[in-house]
Amino acid sequence: MGSLAIVGLMVGLMIGRLTTPEPVELQRVETAADGVVVWFNSEPKLHGEHIDGAVALLFDAQGKAASGQLKVNEKDVNWRVRKTDAGLLLNLVAARPLRGIWSGEAVDDRWRLEIHLHEQ
641 MGSLAIVGLM VGLMIGRLTT PEPVELQRVE TAADGVVVWF NSEPKLHGEH IDGAVALLFD
701 AQGKAASGQL KVNEKDVNWR VRKTDAGLLL NLVAARPLRG IWSGEAVDDR WRLEIHLHEQ
């Protein structure tokens, strides 16, 4: 009876492992002419806000921390990805208030999120 319980448990674990979706992972961040392009292996859950002139996007995903700089209207904008308890947080900050518009789409079995920035 005990061996049947162990076999049933093992089969259940294998089925659970096969049906669990692959975790969403940040693959890379690219700078564009007026913003950034963020690539994921699949579509993440996303929450975005404009906070005190900065653009903040929270992704339910895994990945590495990163940072960089880009130019919008020939002025510097700093971006930073950091890990939080809720996932990955992308902050876009400049010396003047920013507004952002983001849109995502599936491209070649990956997810591309484009964030376009402009001055407020």
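Following this note's numbering, the numbering of the sequence shown begins with 641 at its first residue and continues without gaps. Glycine is no exception: its CB is placed at the ideal position from the N, C-alpha and C atoms.
Mark residue i as exposed unless 16 or more other C-beta atoms lie within 10 angstroms of its C-beta, in which case mark it buried.
{"i": "Ala-701", "result": "buried"}
{"i": "Leu-728", "result": "buried"}
{"i": "Leu-649", "result": "exposed"}
{"i": "Leu-753", "result": "buried"}
{"i": "Leu-658", "result": "exposed"}
Would you give the residue range spanned by the alpha helix (DSSP H) that residue i belongs to?
{"i": "Ser-682", "result": "Element bounds for Ser-682: n/a, residue is neither H nor E."}
{"i": "Val-647", "result": "642-659"}
Can you check which of these residues, the options, is closest to residue i by C-alpha distance?
{"i": "Ser-682", "options": "Gly-688, Phe-699 and Ser-707", "result": "Phe-699"}
{"i": "Lys-715", "options": "Val-664, Met-641 and Ala-735", "result": "Ala-735"}
{"i": "Thr-660", "options": "Gly-652, Val-647 and Gly-744", "result": "Gly-652"}
{"i": "Trp-742", "options": "Thr-724, Gly-688 and Ala-694", "result": "Gly-688"}
What's the C-alpha gap between residue i and residue j?
{"i": "Gly-675", "j": "Met-654", "result": "43 Å"}
{"i": "Arg-750", "j": "Ser-643", "result": "43 Å"}
{"i": "Leu-710", "j": "Ala-645", "result": "58 Å"}
{"i": "His-758", "j": "Ala-726", "result": "27 Å"}
{"i": "Glu-670", "j": "Arg-720", "result": "12 Å"}
{"i": "Asn-731", "j": "Met-641", "result": "56 Å"}
{"i": "Leu-666", "j": "Val-647", "result": "37 Å"}
{"i": "Lys-685", "j": "Val-664", "result": "9 Å"}
Starting from residue i, trace the beta strand (DSSP E) in both directions and tell me its first and last residue.
{"i": "Lys-704", "result": "Taken as a continuous stretch (DSSP letters only), Lys-704 belongs to no beta strand (DSSP E), as it is neither H nor E."}
{"i": "Ala-672", "result": "666-672"}
{"i": "Gly-740", "result": "738-747"}
{"i": "Asp-716", "result": "715-724"}
{"i": "Ala-734", "result": "727-734"}
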